[in-house]
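Below is one structure, written out as structure tokens; the observations come after it.
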Amino acid sequence: MYKQGKWKLSDLSDHKSPKFARQISTLEGKVKKFEKLKKSLNPNMSSKNFLGIIKNIEDIAENASVIGGYASLWYASDTQSDEATSLVTQMAKLGSEIDNKTLFFDLWWKRKIDEKNALRLMKDSGNLREYLRHKRLLAKYSLSEPEEKIINTLDVTGSTALVKLYDKITNAFEYVITVNGKKKKLTREELTVLVRSNSPKTREAAYKTLLTKYTKNKGVLGEIYQNLTLNWKNEGIEIRGYSSPISIRNIGNDVEDKTVNSLLDVCKKNSDVFYKFFAYKAKMLGLEKLRRYDLYAPSTKNIKEKTYSYESASKLVLNSLERFSPRLSQYADRVFKENHIDSEIRPGKRDGAFCSTITPKITPYVLVNYTGRARDVFTLAHELGHAVHSQAASGQSILVAEAPLPLAETASTFSELLLYDNISDQMNDSEKITILSEKIDDLYATIMRQAFFTIFEMSAHKQIADGTTVDELSKTYSANLKTQFGNSVELSDDFGIEWSCIPHFFHTPFYCYAYSFGNLLSLSLFQRYKKEGASFEKTYIEILAAGGSKKPETLLSEYGIDISSSKFWQDGFDYVKTQVKELVSL
Numbered sequence: 003m004y005k006q007g008k009w010k011l012s013d014l015s016d017h018k019s020p021k022f023a024r025q026i027s028t029l030e031g032k033v034k035k036f037e038k039l040k041k042s043l044n045p046n047m048s049s050k051n052f053l054g055i056i057k058n059i060e061d062i063a064e065n066a067s068v069i070g071g072y073a074s075l076w077y078a079s080d081t082q083s084d085e086a087t088s089l090v091t092q093m094a095k096l097g098s099e100i101d102n103k104t105l106f107f108d109l110w111w112k113r114k115i116d117e118k119n120a121l122r123l124m125k126d127s128g129n130l131r132e133y134l135r136h137k138r139l140l141a142k143y144s145l146s147e148p149e150e151k152i153i154n155t156l157d158v159t160g161s162t163a164l165v166k167l168y169d170k171i172t173n174a175f176e177y178v179i180t181v182n183g184k185k186k187k188l189t190r191e192e193l194t195v196l197v198r199s200n201s202p203k204t205r206e207a208a209y210k211t212l213l214t215k216y217t218k219n220k221g222v223l224g225e226i227y228q229n230l231t232l233n234w235k236n237e238g239i240e241i242r243g244y245s246s247p248i249s250i251r252n253i254g255n256d257v258e259d260k261t262v263n264s265l266l267d268v269c270k271k272n273s274d275v276f277y278k279f280f281a282y283k284a285k286m287l288g289l290e291k292l293r294r295y296d297l298y299a300p301s302t303k304n305i306k307e308k309t310y311s312y313e314s315a316s317k318l319v320l321n322s323l324e325r326f327s328p329r330l331s332q333y334a335d336r337v338f339k340e341n342h343i344d345s346e347i348r349p350g351k352r353d354g355a356f357c358s359t360i361t362p363k364i365t366p367y368v369l370v371n372y373t374g375r376a377r378d379v380f381t382l383a384h385e386l387g388h389a390v391h392s393q394a395a396s397g398q399s400i401l402v403a404e405a406p407l408p409l410a411e412t413a414s415t416f417s418e419l420l421l422y423d424n425i426s427d428q429m430n431d432s433e434k435i436t437i438l439s440e441k442i443d444d445l446y447a448t449i450m451r452q453a454f455f456t457i458f459e460m461s462a463h464k465q466i467a468d469g470t471t472v473d474e475l476s477k478t479y480s481a482n483l484k485t486q487f488g489n490s491v492e493l494s495d496d497f498g499i500e501w502s503c504i505p506h507f508f509h510t511p512f513y514c515y516a517y518s519f520g521n522l523l524s525l526s527l528f529q530r531y532k533k534e535g536a537s538f539e540k541t542y543i544e545i546l547a548a549g550g551s552k553k554p555e556t557l558l559s560e561y562g563i564d565i566s567s568s569k570f571w572q573d574g575f576d577y578v579k580t581q582v583k584e585l586v587s588l
């Protein structure tokens, strides 16, 4: 089977070869040719000519994504490389220049074409209709061409540079911890393994080591976050006129504020769903009450946690997909076969995991930091789920192939559910307790925790706009934890700084609700699969294949799912309750 190692980026490019310079030259030539089309823009143009212009935009997007993607993947694999850092900056600058040179069409479509002709051209645009409609929706938040160019240019040395600075600082952190009398120097990924240790002292030491490092750097990390947040407000609300910080993300996701508010409200109302699980876990660990340090501790402290070789993990994930859909399993297998996965752990490599789709024509790239725990097997399933989603939507234009954030976590979490279903069939009761407990841990982490992350962000953005300090932000985060856990978990003050450890707050404000959204949606789809059996495969693949070609509310309503209703989200929590009940009964 497949061996753990680095990915192969040469399929995209090689900055040391003449190929890279040719790719840039070709791209610049296409952009120059596109600029000449400005004179031909006319509201009365034929659909054929209009779609010809769109084809040019697609070509430019494909070419730019390949070289930009190459640079960002190289940087992710070695964030401490000055050469990789420099290339990412160069590509960001080039991207900004391309955006500025092609901006005229975007603004023409948003502002200068009348509604009648816009509807006529959209009617003949096939799957690009939603993309074009959404752009028209964004018109009211668009600026003049010179203003948009200024923002594109300044972003390279502004918000983009700040995010890169955060990554460079935090990915260079080394964590020194004493375990069983031995001093060890660990990466964050290796330290994260220890928060799931059987030893309460090790769990506490791991968290304290992590949080102490961020506390010592709170000045610079807090300054980065506050400036990123102010940039979000200044551009989005004061200049563009969005109604609130989260609305900027919602409108970008093409999802209604009402839908997101409904999701977050139901999450808040169901915060006690996990309290029974936390009480059960404390009992299993021999504790009166669970400490925050113990949140991800194995529930079965006397059972040695099972580990999985990388080869067996890849086989398990592929087999789980195969049982549901051979087609989706083939999509995941391509990632391995084409060596598009970076799975080993090494210093300087980006923490966590992600899947990157460069273009619909290229098999996605996946980064994981595989340590052999059951959790890592589920992370592998999660990221390959993203890769499966991308390939299912590969028939779409690059302009609409990517699902909006609320749908982006659907296939990833559905793949985890398939994996759990597969593994649970092969387990005895004690093994089932371990895996089911971890599953509920993950349901907490990917639904409730992410919703409360978003609620914190809403408070933090308001607080920063009004003027605040890092310590005040930490107090707000501590209050958020208190609301989330009630009296079910013992909280300590050191967790106040945890917000600065969450990369999504820096990289993509208000991303986190997409996890709550995707997980609850996946639970709904999975329950339908259990009822409908093999016939559900067709429905599921159709949803994935739509990519971003339809508004989420519209796409899901075609399959009888109303994501604006509280009942829909509540159904997901009812499923979580049944899982907790099953665990306690075991």
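For the sequence shown, my numbering puts the final residue at 588, and the numbers step up evenly by one.
Don't be surprised by glycine CBs; every beta carbon is placed ideally from N, CA and C.
query	result
Can you say whether residue 3 is buried or exposed, counting buried as having 16 or more other CB atoms within 10 angstroms of its CB?	exposed
Need the endpoints of the beta strand (DSSP E) that residue 177 sits in, please.	177-181
How is residue 309 classed by DSSP in three states: helix, strand or coil?	strand
With distance defined between alpha-carbon atoms, name the residue in 153, 212 and 164 nearest to residue 178.	212
Please determine, among 81, 79, 112 and 70, the residue with the shortest C-alpha to C-alpha distance to residue 97.	70
Would the beta-carbon of residue 171 fall within 8 Å of that of residue 222?	yes
Mind checking whether residue 263 and residue 575 have CB atoms under 8 Å apart?	no
Measuring straight from C-alpha to C-alpha, what distance separates residue 259 and residue 554?	13 Å
Taking 8 Å as the CB-CB cut-off, is residue 102 touching chain D?	Absent from the structure: chain D. Only one protein chain is present.
Provide the residue(s) that pair with residue 344 in DSSP beta bridges, ordered along the chain.	369
From residue 218 to residue 54, what distance separates their C-alpha atoms?	55 Å
Quick one: what does DSSP say residue 185 is sitting in, helix, strand or coil?	strand
Taking just the CA atoms, how far does residue 312 sit from residue 181?	25 Å
Taking DSSP's pairing of strands, which residues face residue 357 in a bridge?	368
Taking the straight line between their C-alpha atoms, what separation do you get for residue 149 and residue 132?	26 Å
Counting C-beta neighbours from all protein chains within 10 Å, is the total for residue 214 16 or more, i.e. buried, or is it exposed?	exposed
What does the Cβ neighbour count give for residue 418, buried or exposed, with the cut at 16 atoms within 10 Å?	buried
Just curious, the alpha helix (DSSP H) that residue 73 is in, first and last residue?	49-79
Looking at C-alpha atoms only, which residue of 567, 569, 514 and 584 is the closest neighbour of residue 255?	514
Assign residue 402 to one of three DSSP states: helix, strand, or coil.	coil
In three-state DSSP terms, what is residue 585?	helix
Does the stretch 529-543 come close enough to the stretch 273-284 that 3 or more CB-CB pairs lie under 8 Å?	no
Counting pairs of beta carbons, one from the stretch 402-417 and one from the stretch 378-394, are three or more of them closer than 8 Å?	yes
What is the residue span of the alpha helix (DSSP H) that residue 263 lies within?	259-271
Do residue 582 and residue 2 have their beta-carbon atoms positioned less than 8 Å apart in this structure?	The question about residue 2 has no answer here: the residues shown for the chain are numbered 3 through 588.
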